[in-house]
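Worksheet: the structure to be examined is printed underneath.
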Amino acid sequence: MLTALVDPPRDVAVGIVVLEGAVDRSNELRTTRDLYKGVVLSPGRTTVSSDSQPRSRLRLLIDRFGFPHLLATTLVLVAATILLGVAAKATGSGLACEANWPQCDAGPWNLFPANIPSFYEWIHRFVAMFAGVAIIGSALSAWRTPTVDSRVATLVVLGMILTPIQVYLGRETVLAYDLEILSLHFWTAVLIFALFVVATLLVWQASLTKGHILGALGLGVLALPVQLLLSPFILEAITNSVAFLDLTYSSPTVQMTHYASSLAIVGSVIAAGTVGRWKLEDGRLLGLLAGTGLVAFVVVFLGRQTTMTVNTTLESLYFGTAVVLLIAFSVSLWAVRNAAEPRSRRL
């Protein structure tokens, strides 16, 4: 009898072992659950995280925001800065804020605008500040992240190097207001924009397809007539012919739309040419895309020049080159649509 109490039957012993295993497994599951909820266990103590509630949608959104999204956001900020600078020029606000820089003309330490013209200049500087921070953040992130393509890192670091130059030129547009300074300020901004377009394409390369080439070319086909129709000499001819149409190039909306179409043309040819190199095999088609890009940059340059001076020869050259570009866009769109997929992508 005593032996039976000390040594339980075999079936009971097996049951005890199974029960102990179930308890251990339950403890492991509870520990895993607590760790997921934010309970951090360490030897000798238990510390409960303040974030013990289920993760919010905002937290999930932040976790999904990676370097590609940072790069895309930076590109949007650069484009917005350019267009707001155009609005400031259109309203004559470049010399607003009482020609102060970086301050404006109202509020504590002149940090705020005093009137509408000053507001245009102030909001341009305000967004430019965020764009500059995003450019620097993108460059540092690319440089410190080993998984980022070295080509991307080179492009965004070059953009960061150009940023202080652009800031200095922006300062000089206020303090000196020289036409050459204004042109350098604009084209430096376009160069930064182009660098970030290429960098953004590189980080999203895996998800880009031939359809994106078609989309880019389609954007160019739509943007080119807008740029052409809103050019000062063509817009003036249209408004003189149509009595009820009251549009002038001095309007900030007209100028912002005109320059937005120019940025769209630049972005479209860069995207079509870059993605085309990855997704197309036909060398002649790639040459057509490269030639279209070259003509596009000439059109954007000439279009900018027609806004700075009145010259019939320049206007005629711009119009003729724009027609050539429209034909090149249309032919490229047709050719890409009928192009075969690369062998590596065929089923």
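Mapping of the sequence shown onto the numbering used here: position 135 corresponds to residue 260, and the numbering continues sequentially without gaps.
Ideal placement from N, C-alpha and C gives every residue a C-beta, glycine not left out.
Between the Cα of M254 and the Cα atoms of L209, L458 and D303, which residue gives the shortest distance?
Nearest option by C-alpha distance: L209.
For A341, list the residues DSSP reports as bridge partners.
According to DSSP, which records beta bridges pairwise, A341 is partnered with nothing at all.
Select from A278, L344, V420 and Q380 the residue whose C-alpha is nearest the C-alpha of L196.
Nearest to L196 by C-alpha distance, out of A278, L344, V420 and Q380, is A278.
For V282, which option in L320, H249, S375 and E246 has the closest C-alpha, if you only look at C-alpha atoms?
L320
Cutting at 6 Å between CB atoms, please list the residues of its own chain near V252, excluding the five before and the five after it.
Cβ neighbours of V252 beyond the five flanking positions: A205, T206 and L209.
Which same chain residues, not among the five before or five after V424, have their C-beta less than 6 Å away from its C-beta?
Only T446, A447 and L450 meet the Cβ criterion.
Which residues bound the alpha helix (DSSP H) around S332?
Note, S332: premise wrong, no alpha helix (DSSP H); not H, not E.
Assign A231 to one of three DSSP states: helix, strand, or coil.
Strand, per DSSP.
Which residue wins for smallest C-alpha separation from T199, given the options R269, V400, V322 and L344?
V322
Nearest to A215 by alpha carbon, out of P193, L309, E246 and P227?
E246
On the criterion of 16 or more Cβ atoms from any shown chain inside 10 Å, does M285 qualify as buried, or is it exposed?
It is buried - the Cβ of M285 has at least 16 other Cβ atoms within 10 Å.
What would DSSP say about F237, mapped onto helix, strand or coil?
strand
Apart from the five residues on each side of it in sequence, which residues of its chain come closer than 8 Å, Cβ to Cβ, to A475?
The chain is shown only over 126 to 472; residue 475 falls outside these bounds and no answer can be derived.
To test your reading of the DSSP string, which unbroken alpha helix (DSSP H) runs of 4 or more residues are found completely within the stretch 418 to 469?
437 to 462
Given P193, which residues of its chain have a CB within under 7 Å of its CB, disregarding the five upstream and five downstream residues?
Hits under 7 Å: V328 and W329.
In the structure shown, what three-state DSSP assignment does V165 receive?
The predicted position of V165 is uncertain, since its pLDDT is 36 and thus under 50; a value taken from the coordinates is nonetheless stated next. It is a strand residue.
Got a sec? Which residues, its chain only, sit under 6 Å from V456 by beta carbon, not counting five neighbours each side?
none
Per the contact definition of three or more C-beta pairs closer than 8 Å, is the stretch 341 to 350 in contact with the stretch 382 to 398?
Because the criterion of three Cβ pairs below 8 Å is met, the stretch 382 to 398 and the stretch 341 to 350 touch.
Go through its chain and collect everything with a Cβ distance to P168's Cβ below 6 Å, but skip five positions before and after it.
Model confidence at P168 stands at a pLDDT of 39, short of 50, so the residue's coordinates are unreliable and nothing is read from them.
If I measure Cβ to Cβ from E440 and keep anything under 6 Å in the same chain, skipping five residues before and after, which residues do I get?
Correct list, in chain order: F358 and T431.
Grab me the residues of R462's own chain with a C-beta within less than 8 Å of its C-beta, minus the 5 sequence neighbours each way, in chain order.
L339
Where Q352 and F422 are concerned, what is the direct C-alpha to C-alpha distance, given to the nearest angstrom?
Distance between the alpha carbons of Q352 and F422 is about 13 Å.
Which residue's Cα is closest to the Cα of A415: V400, G428 and R429?
V400
Since L316 contacts S393 with CB under 8 Å, what's their CB separation in whole angstroms?
So it is not a contact: roughly 17 Å between Cβ atoms.
Express the C-alpha separation of F444 and E361 in angstroms, rounding to a whole number.
15 Å
Which term fits S356, buried or exposed, when burial requires 16 or more other beta carbons within 10 angstroms of its beta carbon?
Here S356 is buried: its Cβ has 16 or more other Cβ atoms, across all protein chains shown, within 10 Å.
Under a Cβ-count criterion, where at least 16 other Cβ atoms within 10 Å of its own Cβ denotes burial, should I395 be classed as buried or exposed?
Classification of I395: buried, given that the 10 Å Cβ count is 16 or more.
From this set, G262, G191, G217 and F190, which residue's C-alpha is nearest S489's C-alpha?
Look at the range of the chain in this structure, 126 to 472, and you will see that residue 489 is not part of it.
May I ask which residues mark the beginning and end of the alpha helix (DSSP H) holding E361?
Run containing E361: P357 to S366, per the alpha helix (DSSP H) assignment.
Which class does S393 belong to by DSSP, given the choice of helix, strand or coil?
helix
Taking the continuous alpha helix (DSSP H) assigned at V273, which residues delimit it?
Here V273 belongs to no alpha helix (DSSP H), and DSSP marks it neither H nor E.
What three-state label does DSSP hand A301 in the structure shown?
coil
Is T334 buried or exposed, if buried means 16 or more other CB atoms sit within 10 Å of its CB?
By the neighbour-count rule (16 or more Cβ atoms within 10 Å), T334 is not buried but exposed.
Need the endpoints of the alpha helix (DSSP H) that F190 sits in, please.
Looking at the DSSP string, F190 is not in any alpha helix (DSSP H), and its letter there is neither H nor E.
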